[in-house]
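Structure, as structure tokens:
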Amino acid sequence: MSTETAVLWFRRDLRLDDHPALLHATERADRVLGLFVLDDRLLTPAGAPRVAFLHGCLRELADRLGGRLLVVRGDPAEEVPKAARQVGATSVHVTADCAPYGTGRDQAVAKELARHGIDWIETGSPYAVTPGQVSKPDGEPYRVFTAFYRAWLRRGWHSPARKSTVDWIVPQHAPEIPDDPDVGAMKLPKPGEKAAKRVWKRFLADGLGDYDTERDRPDHGGTTRLSPYLRWGCVHPRTLLAALADRRGAGVQALRSEIAWREFHADVLWHRPDAARRNYDKRFDHIAYDSDHTTFDSWREGRTGYPVVDAGMRQLLAEGWMHNRVRMIVASFLVKDLHLPWWWGARHFMRYLVDGDIASNQLNWQWVAGSGTDAAPYFRIFNPTRQGEKFDPQGDYVRKYVPELRGIAGKAVHEPGRRPEGYPEPIVDHAHERQVALDRFNRVKRP
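Sequential numbering of the sequence shown, starting at 2, is according to the numbering used here.
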């Protein structure tokens, strides 16, 4: 009796539960080879924190499969067909990749597989609603989040995929997962699907009720902390949305909206892949930026003299993660106080963020910079002192990451004039630079 063999090529779906591509593979084939390809075109620019987290996720996945995971390094257009042919597979199954590089890579792999008579089958995506499936009545994509969100809610999403029984093929070699790159003293989150489930379970019990207000408080840790797991697909947003379906309250609504923001940015990038590197709003191609690498270094190192900015930048270096509210504050400071290009900051974030995602990162930076999809963002300039006082009112977040300021009690830690020895004076005057930014942005603002 003949048996059919399939390959499941893992990418941004490093889990076994709620996995439509895996379910489809088991429905089509009797045996499945689990495969992951270490692609240097993705890993080289990724940065050590994200690569180290990926390696941990791969080890956890390999352990859950009893070592039955083939991990190879090379060009996917060569390695995927090679692996499929070695096991006599008739199909290769994947979760669709919607990012600019991934779509081009997948076209090359599918073309090569077709030469050998092997089917390429995409099932699902890393999103509750695959990018490109939510559009205006005239078929045009949405440019503004609020309208996208309403349409996204109306469209809805599938229920989580059921579990399947899998006969995993034993590869000829044990998974060849490289040693982790050096991340120094950085404390990364525990990787893998099991860790993602624990984080989610804890948040549902302790964090969801107050999420609408607590998510903006970096001193309270009120965020889900799921972003690294969503980045690598250790948990799917559809799983989270299913858990929220029968719950009510402002926290539920806020979390559903935050998930939709991730989907909105992926949709924007799907329609405009150039937005990963260039201004979404082309008029901002003419805005004047500075090129002072000295102030950029001060920003990168968390030595700007603005406590909440410095705390955020140091948190990034210490943990490979930064609180979302603080991400907006430090991004605004770079673009609108230092007048440096948003893509400088975006590259720095992608180097250090464990959850670095091309769509969310680049489009959030453009949102802050004013060159993105927002209707009127150019005048949104965060005052770093006021932001610190509002969202870190007792100064606990600043004192945690800026030890020079631990001797200053309460919200006084945010005051520009309170500078102990060893902590820098502000490198710019916010009030002055705000006006400079407005003058520059007014020249390119929408009519």
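From the three backbone atoms N, C-alpha and C, an ideal C-beta is built for every residue, glycine too. All figures in this text were calculated on a predicted structure; none of them were measured in a lab.
If contacts are defined as beta-carbon pairs under 8 Å, then residue i and residue j qualify, I think. What distance do you get, rounded to the angstrom?
i    : j    : result
F11  : F37  : 5 Å
R239 : H159 : 6 Å
Y398 : D220 : 4 Å
T153 : V130 : Reading off the sequence, residue 153 comes out as Trp, not Thr. Contact flag correct, Cβ pair sits at about 6 Å.
D98  : P229 : Their Cβ separation, rounded to whole angstroms, is 18 Å, which puts D98 and P229 out of contact at 8 Å.
T96  : G125 : 5 Å
I need the boundaries of the alpha helix (DSSP H) containing residue i, first residue and last residue.
i    : result
F11  : Element bounds for F11: not the alpha helix (DSSP H) but the beta strand (DSSP E), T6 to F11.
D298 : H294 to E302
L71  : It is not in any alpha helix (DSSP H) - L71 instead sits in the beta strand (DSSP E) that spans L71 to R74.
H431 : H431 to N443
P46  : Counting along the chain, P46 falls outside any alpha helix (DSSP H), and DSSP gives it neither H nor E.
V369 : I359 to A370
N280 : Where N280 is concerned, there is no enclosing alpha helix (DSSP H), given that its DSSP letter is neither H nor E.
L24  : P21 to R29
I1   : Here the chain covers residues 2 to 448 and nothing more, so residue 1 does not appear.
W345 : W343 to Y353
Q173 : No alpha helix (DSSP H) holds Q173; DSSP gives it neither H nor E.
Q388 : P385 to F392
W1   : What is shown of the chain runs 2 to 448, which leaves residue 1 out entirely.
Y398 : D397 to Y402
Q134 : Q134 -> no alpha helix (DSSP H), and no H or E assigned at all.
P308 : P308 to E320
By Cβ distance below 6 Å, which residues in the same chain neighbour residue i in space, the five residues on each side in sequence not counted?
i    : result
S165 : L24 and T27
V327 : P219 and G313
S299 : T305 and I428
A100 : I359
P176 : A63, L70 and V72
G133 : W271
P190 : P229
L9   : L23, A26, V33, G35 and H94
Skipping 5 residues on each side, what residues in its chain have a beta carbon closer than 7 Å to that of residue i?
i    : result
L44  : V52
V437 : H340
V403 : P308, D311, A312 and R315
R65  : L17
T4   : D31 and R32
R69  : G35, W169, I170, V171 and P172
D217 : R326 and F392
V253 : L209 and L245
R116 : none
T224 : R216, H324 and N325
A370 : V336 and W343
A277 : P101, L270, I359 and Q363
E264 : Y128, A129, V130 and W153
G1   : Beyond the ends of the chain as shown, which are 2 and 448, falls residue 1; an answer cannot be given.
Starting from residue i, trace the beta strand (DSSP E) in both directions and tell me its first and last residue.
i   : result
S92 : S92 to V95
F37 : R32 to L39
To which residues of the same chain is residue i closer than 8 Å at the C-beta, ignoring the five residues directly before and after it?
i    : result
M2   : Low confidence applies here, because M2 scores a pLDDT of 38, under 50, leaving its location unreliable; read the following figure in that light. Closer than 8 Å at the Cβ level, and outside the excluded window around M2, lies no residue.
D286 : R279 and N280
E434 : K337, D338, L339 and H340
L114 : V81, P82, A85, V93, D120 and W121
Would the C-beta of residue i count as close to the ligand MG, meaning under 6 Å from any of its heavy atoms?
i    : result
E390 : In the structure shown, the ligand MG is absent, as is every other ligand, since no ligand is present at all.
>> Under 8 Å: do the stretch 381-396 and the stretch 308-328 share three or more Cβ pairs, one atom per stretch?
In response: yes
>> At 4 residues or longer, what runs of the alpha helix (DSSP H) sit wholly inside the stretch 176-250?
In response: 194-207, 212-215, 228-232 and 238-245
> At what residue ranges does the stretch 88-127 contain a whole run of the beta strand (DSSP E), taking only runs of 3 or more?
Replying inline: 92-95 and 120-123
> Does the stretch 225-245 come within contact of the stretch 192-203, defined as at least 3 CB pairs closer than 8 Å?
Replying inline: yes
> Quick one: any contact between the stretch 259-275 and the stretch 137-155, if contact means 3 or more CB pairs under 8 Å?
Replying inline: yes
> Taking contact to mean at least 3 C-beta pairs separated by less than 8 Å, is the stretch 69-83 in contact with the stretch 105-114?
Replying inline: yes
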